[in-house]
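**Q**
Residue numbers (the numbering used here), protein chains in the order written: chain A, -11 to 206; chain B, 223 to 352.
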């Protein structure tokens, strides 16, 4: 391969025009599969996992991060610090943990208290990241206020966002609905659980998050 | 005070339409404080001029700080996002004003459906303004 062979040219272009390292936050409402996706990414590229998953909402109540996760696709690559954030919600009701998920009153109250702190922490992290992987549940209505608020916030900050339309392994999923709801952002249908279409996600992450963006503060 | 007592007695629900003029006189912090105070009293607010995405995020953050597990579990908030800006608005960094927004106590309101044209919100039966 010559001086401007495929490999070296891609590397040169990335060096000139793109970033090689980015801090990426995984955001979304509770129970959309953020930690499952974080685990998928880490398992594929480091052999590690990020944290425990559960059907009970707000399982992740403190942000967790893994540094220097190198994701490759052909000749391009991006090294990321992956931040798995607690789910963002506008309400936290301890009674839901008791009545729907069978937690004891004490467990439910503790979980609710920690969940509120987790939401605040997730919002604080927005000030310290370079891009967002916004996870949405492809079986649910996409127009939730949390989705709209997070997207609006990221747009105001001029942060790059990639929407992961998760749970497409489920029969009633509709990634097309998500695509039509947010046409201004790239939407990648995936199953974090089975790994379906994760190669496409990684390719888009490298392409999208390598771009240089000027952060705005509003 | 007297009005609130009457509402409670009749178990009515109080909707307050907040004008753009009123909202424009308030700073972001004042606006958020006003909204949370009213919602914590059990009021449903319809804002003629909604909150910016950054204000919405701050409202979520402030709401989390105010949650009291037995009396206030958070807010239900629905509105339409800002329209996409035109090319020239982007160049000159002009932001369109956010549109109408409804905010109320989460134990009183439940969003049933939302799309580009309609927001359907249900009032949870048996709840009245506090």
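Each residue gets a CB set at the ideal place from its N, CA and C atoms; glycine is no exception.
1) Anything in the segment 116 to 142 of chain A with a Cβ closer than 7 Å to a Cβ of chain B? List those residues in chain order, please.
2) Do we get a CB-CB distance below 7 Å when we pair residue 261 of chain B with the residues of chain A?
3) Who are the Cβ neighbours of residue 192 of chain A in its own chain at under 8 Å, not counting the five residues just before and after it?
4) Which residues in the same chain have their Cβ closer than 7 Å to the Cβ of residue 261 of chain B, if we skip the five residues on either side of it in sequence?
5) In the DSSP assignment, find the unbroken beta strand (DSSP E) run with residue 299 of chain B in it and report its ends.
6) Against chain B, which members of the segment 97 to 109 of chain A pass a CB distance test of less than 8 Å?
7) Distance check for residue 273 of chain B and residue 237 of chain B, CA to CA, integer angstroms please.
8) Between residue 73 of chain A and chain B, is there a C-beta pair that is closer than 7 Å?
9) With a cut-off of 7 Å, does the C-beta of residue 81 of chain A fall near any C-beta of chain B?
10) Taking contact to mean 3 or more Cβ pairs, one atom from each stretch, closer than 8 Å, check whether the segment 124 to 138 of chain A and the segment 91 to 103 of chain A are in contact.
11) 7 Å is my cut-off, CB to CB: does residue 296 of chain B come that close to chain A?
12) Closest to residue 279 of chain B by CA distance: which of B:289, B:299, B:256 is it?
13) Kindly list, in the order they appear in chain A, the residues whose Cβ is closer than 7 Å to that of residue 336 of chain B.
14) Considering Cα atoms alone, identify which of B:258, B:320, B:248 is closest to residue 288 of chain B.
15) If we ignore side chains and look at the alpha-carbon of each, how far apart do residue 323 of chain B and residue 184 of chain A end up?
16) Check each candidate in A:71, A:40, A:120 and name the one with the smallest Cα separation from residue 57 of chain A.
17) Under a CB-based cut-off of 7 Å, is residue 347 of chain B close to chain A?
18) On the three-pair Cβ rule with 8 Å, is the segment 36 to 49 of chain A touching the segment 12 to 27 of chain A?
19) Under the three-state reduction of DSSP, which class applies to residue 290 of chain B: helix, strand or coil?
20) Given this structure, state the Cα-to-Cα distance separating residue 228 of chain B from residue 286 of chain B, to the nearest angstrom.
21) Touch check for the segment 114 to 129 of chain A and the segment 86 to 93 of chain A: three-plus C-beta pairs under 8 Å?
22) For the beta strand (DSSP E) containing residue 125 of chain A, list its first residue and its last residue.
23) Beta-carbon of residue 283 of chain B versus every beta-carbon of chain A: anything under 7 Å?
24) With DSSP as the reference, please indicate the residues paired to residue 336 of chain B in a beta bridge.
25) So residue 254 of chain B and residue 284 of chain B are supposed to be a Cβ contact under 8 Å. How far apart are they, rounded?
26) According to DSSP, is residue 38 of chain A helix, strand or coil?
**A** Quick look at the numbers:
1) Those residues of the segment 116 to 142 of chain A that come within reach of chain B (Cβ to Cβ, closer than 7 Å) are 129, 131, 133, 136, 137, 140, 141.
2) Judged by the 7 Å Cβ criterion, residue 261 of chain B is not in contact with chain A.
3) Around residue 192 of chain A: 150, 174, 176.
4) Correct list, in chain order: 267, 297, 325, 326, 327.
5) Unbroken beta strand (DSSP E) run through residue 299 of chain B: 297 to 301.
6) For the segment 97 to 109 of chain A, the beta-carbon criterion of a distance under 8 Å to any beta-carbon of chain B is satisfied by 97, 100, 101, 104, 105, 107, 108.
7) Those two C-alpha atoms are separated by around 18 Å.
8) So, not an interface residue.
9) By this cut-off, residue 81 of chain A is an interface position.
10) No: fewer than three Cβ pairs fall under 8 Å.
11) Yes, its Cβ sits closer than 7 Å to a Cβ of chain A.
12) Among B:289, B:299, B:256, the Cα nearest to that of residue 279 of chain B belongs to B:299.
13) Correct list: 129, 131.
14) Relative to residue 288 of chain B, the option among B:258, B:320, B:248 whose CA is nearest is B:258.
15) If you draw a straight line from the Cα of residue 323 of chain B to the Cα of residue 184 of chain A, it is about 38 Å long.
16) Comparing Cα positions, the closest option is A:71.
17) It does not; no Cβ of chain A falls within 7 Å.
18) The segment 36 to 49 of chain A is in contact with the segment 12 to 27 of chain A.
19) Collapsing the DSSP output to three states places residue 290 of chain B in a strand.
20) Residue confidence is low: residue 228 of chain B scores 39 on pLDDT, short of 50, so the model does not pin down where it sits. Its coordinate-derived value is still stated next. Those two C-alpha atoms are separated by around 30 Å.
21) With fewer than three CB-CB distances shorter than 8 Å, the segment 114 to 129 of chain A does not count as touching the segment 86 to 93 of chain A.
22) Per DSSP, residue 125 of chain A belongs to the beta strand (DSSP E) from 119 to 125.
23) At a cut-off of 7 Å, the C-beta of residue 283 of chain B has a neighbouring C-beta in chain A.
24) Bridge partners of residue 336 of chain B: B:341.
25) By a beta-carbon distance limit of 8 Å, residue 254 of chain B contacts residue 284 of chain B. Their separation comes to about 6 Å.
26) In the structure shown, residue 38 of chain A sits in coil (DSSP, three-state: anything other than H, G, I, E or B).
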